[in-house]
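For reference, the structure is listed below as structure tokens.
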Amino acid sequence: SINLALSTRGIRALEEVGLADELRKVAIPMHGRMMHDIQGKLTFQPYGKEGQFINSISRSGLNIVLMNEAEKQGVTFLFEQRCTGVNLDETSLTISSGQQNHTHAFDFIAGADGAFSAVRWAMQITDRFNFSQHYIDHGYKELHIPAGKQGAFQIEKNALHIWPRESYMMIALPNPDGSFTCTLFFPFEGNPSFASLKEKKDIEAFFQKVFPDAVSLIPDLAGNFHTNPTGSLVTVKCYPWVKNKTLLIGDAAHGIVPFYGQGMNAGFEDCRVLNQLLDKHNGDWETALTTFQQLRKPDTDAIAQLAFDNFVEMRDLVADADFLVRKKIEAKLHELYPDRWIPLYSMVTFHDDIRYSEAYETGQRQRKIMDEVMKREGIVENWQQLNFEEIVNKISPRSMVHSPQQRSTNRTS
Numbered sequence: 001s002i003n004l005a006l007s008t009r010g011i012r013a014l015e016e017v018g019l020a021d022e023l024r025k026v027a028i029p030m031h032g033r034m035m036h037d038i039q040g041k042l043t044f045q046p047y048g049k050e051g052q053f054i055n056s057i058s059r060s061g062l063n064i065v066l067m068n069e070a071e072k073q074g075v076t077f078l079f080e081q082r083c084t085g086v087n088l089d090e091t092s093l094t095i096s097s098g099q100q101n102h103t104h105a106f107d108f109i110a111g112a113d114g115a116f117s118a119v120r121w122a123m124q125i126t127d128r129f130n131f132s133q134h135y136i137d138h139g140y141k142e143l144h145i146p147a148g149k150q151g152a153f154q155i156e157k158n159a160l161h162i163w164p165r166e167s168y169m170m171i172a173l174p175n176p177d178g179s180f181t182c183t184l185f186f187p188f189e190g191n192p193s194f195a196s197l198k199e200k201k202d203i204e205a206f207f208q209k210v211f212p213d214a215v216s217l218i219p220d221l222a223g224n225f226h227t228n229p230t231g232s233l234v235t236v237k238c239y240p241w242v243k244n245k246t247l248l249i250g251d252a253a254h255g256i257v258p259f260y261g262q263g264m265n266a267g268f269e270d271c272r273v274l275n276q277l278l279d280k281h282n283g284d285w286e287t288a289l290t291t292f293q294q295l296r297k298p299d300t301d302a303i304a305q306l307a308f309d310n311f312v313e314m315r316d317l318v319a320d321a322d323f324l325v326r327k328k329i330e331a332k333l334h335e336l337y338p339d340r341w342i343p344l345y346s347m348v349t350f351h352d353d354i355r356y357s358e359a360y361e362t363g364q365r366q367r368k369i370m371d372e373v374m375k376r377e378g379i380v381e382n383w384q385q386l387n388f389e390e391i392v393n394k395i396s397p398r399s400m401v402h403s404p405q406q407r408s409t410n411r412t413s
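The opening position of the sequence shown corresponds to residue 1 in full-length UniProt numbering, with each subsequent residue numbered one higher.
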């Protein structure tokens, strides 16, 4: 599975349940993107200001910490059980274990069962339930860079490595044992694609041509390429998330593609916002749940779009000279006017007091302004001579949307 990127929104939720420090022990800070061009030349792009970073964490490492704490709180985990039926009127689940089926009634059901949710499926056949899913034309395949001698990292430890190649890309995230989890995002069909790379010699020749500096780092490349499964990438949207005493939350309500590193963070933020609403409404579940879905739906739609858009940026634009200058201009604007111009990535990743929907809307305004700036003659060579005050004056100071998501201070991971 793709490694997870834990950032400020997720950390804030974990702090509120006392688990942030425990997760930090098994996470590795990544301070920026390390770009690998086709010649193997490296370019580092910091994610934000000094001290701002995201954290690489393995799915298994995260699950172990969460499950250990849940068991301490009295939660029982049942494995090799499958939900085969949901009765929304009776708030009951039918669970299959081997040849046996058991139906259990509950006071409340929270469907946190992922993008292919059985709980959501039961809602889909009810009246006035909206649902859509969209698969992108790219799939993903995991590869592995092992640790070097004595557990050393073979490439820069504190970075998210990207090999951008326009229509596809490969990324690598660090693990505590010195290895890297690599993920190739690649078309299913066409040339090149998963369909076109079948023979060992073709796989090796392709990687040698387009990822030359990675080939020597991945042992038995062709064997792993053949053996490891190819996964698909889907965006799921639906509404409403609440039916009687049953709730959809996390990927079950809003599955997104992984290109903004926000799927897990958005799910954790769901939990934090819901918990805050339950406190606010004194345990009135009906009011809290209605408010929750109305509040979160615009935010999860926004991050779904941002995640899709970021795929183009990661695979293509990050290697573009104009794009790199654009990022430098935005970083300078943020340095000079930190409260009036916050880059979109920073709003999403490091500012949990800004809603996803607000970040998206502000980012759209910033994009239009920067599109005009980048049309200026000689901008690549002379960007440092820009009148930055004139640029920032084109965008109004951000107006905070008061919601249960806000707090008075910003925190960075």
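Just so it is clear, CB atoms sit at the ideal spot from N, CA and C, and this is done for glycine as well.
{"Asked": "In DSSP terms, what Asn55 is bridged to", "Found": "Leu6, Pro29"}
{"Asked": "contact_flag[the segment 277-290, the segment 346-353] where n(CB pairs < 8 Å) is 3 or more", "Found": "no"}
{"Asked": "Inter-stretch contact (C-beta, 8 Å, three-pair minimum) for the segment 71-82 and the segment 357-364", "Found": "no"}
{"Asked": "Expected contact under 8 Å - CB spacing of residue 417 and Ser56 to nearest Å", "Found": "Outside the displayed span of the chain (1 to 413) sits residue 417, for which this structure offers no information."}
{"Asked": "Tyr146 and Pro212 closer than 8 Å at C-beta", "Found": "Note that residue 146 is Pro in the sequence shown, not Tyr. No, these two residues do not count as a Cβ contact at 8 Å."}
{"Asked": "Stretch pair the segment 152-159 + the segment 107-123: three plus CB contacts closer than 8 Å", "Found": "no"}
{"Asked": "Inter-residue Cα distance where the pair is Met370 and Arg326", "Found": "7 Å"}
{"Asked": "Helix, strand or coil at Trp341 [DSSP, three-state]", "Found": "coil"}
{"Asked": "Pairwise C-alpha distance: Gln276 and Leu295", "Found": "12 Å"}
{"Asked": "Residue burial classification, His104 (beta-carbon count within 10 angstroms, cutoff 16)", "Found": "exposed"}
{"Asked": "Three-way DSSP call (helix, strand, coil) for Arg296 in this model", "Found": "helix"}
{"Asked": "Cutoff 7 Å; reference Glu15; Cβ partners in own chain excluding five residues on either side", "Found": "none"}
{"Asked": "Buried or exposed (CB count within 10 angstroms, at least 16 for buried), Ser413", "Found": "Confidence at Ser413 is low in this model, with a pLDDT of 33, below 50, so its placement is unreliable and no value can be given for it."}
{"Asked": "Simplified DSSP assignment, three categories, for Val215", "Found": "helix"}
{"Asked": "Option in Gln150, Met169, Glu71 with minimal Cα separation from Pro192", "Found": "Met169"}
{"Asked": "Under 8 Å between C-beta atoms of Ile249 and Ala222", "Found": "no"}
{"Asked": "Distance CB(Asn101)-CB(Thr94) smaller than 8 Å", "Found": "yes"}
{"Asked": "Cβ shell of Ala13 (< 7 Å), same chain only, five flanking positions each side left out", "Found": "Phe268, Glu269, Cys271, Arg272"}
{"Asked": "For Arg24, the first and last residue of its enclosing alpha helix (DSSP H)", "Found": "20-24"}
{"Asked": "Terminal residues of the beta strand (DSSP E) in which residue 430 lies", "Found": "Within the shown structure, residues of the chain are numbered from 1 to 413, placing residue 430 beyond reach of any answer."}
{"Asked": "Three-state secondary structure assigned by DSSP to His104", "Found": "strand"}
{"Asked": "Gln406 to Gly111 span [Cα, whole Å]", "Found": "Since pLDDT at Gln406 reaches only 46, below the 50 mark, its modelled position is unreliable, and the value read off the structure follows with that caveat. Roughly 25 Å separates the two Cα atoms."}
{"Asked": "C-beta atoms of residue 417 and Tyr260 nearer than 8 Å", "Found": "Residue 417 lies beyond the stretch modelled for the chain, which goes from 1 to 413, so this question has no answer here."}
{"Asked": "Simplified DSSP assignment, three categories, for residue 414", "Found": "Not covered by the structure: residue 414. The range shown for the chain is 1 to 413."}
{"Asked": "Pairwise C-alpha distance: Leu333 and Lys394", "Found": "12 Å"}
{"Asked": "Separation of Ile11 from Met400, as counted between CA atoms", "Found": "Legend: pLDDT at Met400 = 35, less than 50; position of this residue unreliable, value from coordinates given subsequently. Answer to the nearest angstrom: the Cα atoms are 21 Å apart."}
{"Asked": "Proximal residues to Met30 (C-beta, below 8 Å), its chain only, five neighbours per side dropped", "Found": "Ala5, Tyr47, Phe53, Ile54, Asn55, Ser56, Asn158, Ala159, Leu160, Leu173, Pro174"}
{"Asked": "Burial state of Ser216 (16 or more Cβ within 10 Å)", "Found": "exposed"}
{"Asked": "Distance, Pro187 Cα to Ala20 Cα", "Found": "36 Å"}
{"Asked": "8 Å Cβ cutoff, Phe153 in contact with chain D", "Found": "Although the question refers to chain D, the structure presented lacks it and comprises just one protein chain."}
{"Asked": "Beta-carbon proximity check, Gly139 vs Ser196, cutoff 8 Å", "Found": "no"}
{"Asked": "Residue interval of the alpha helix (DSSP H) (run including residue 417)", "Found": "Only positions 1 to 413 of the chain appear in the structure, and residue 417 is not among them; the question remains open."}
{"Asked": "Local Cβ density within 10 Å of Asn265, reported as buried at 16 or more and exposed below that", "Found": "buried"}
{"Asked": "Reduced DSSP category for Trp241 - H, G, I as helix; E, B as strand; rest coil", "Found": "coil"}
{"Asked": "Burial state of Leu62, where buried means 16 or more other Cβ atoms lie within 10 Å", "Found": "buried"}
{"Asked": "Bridge-paired residues (DSSP) for Leu93", "Found": "Val86, His104"}
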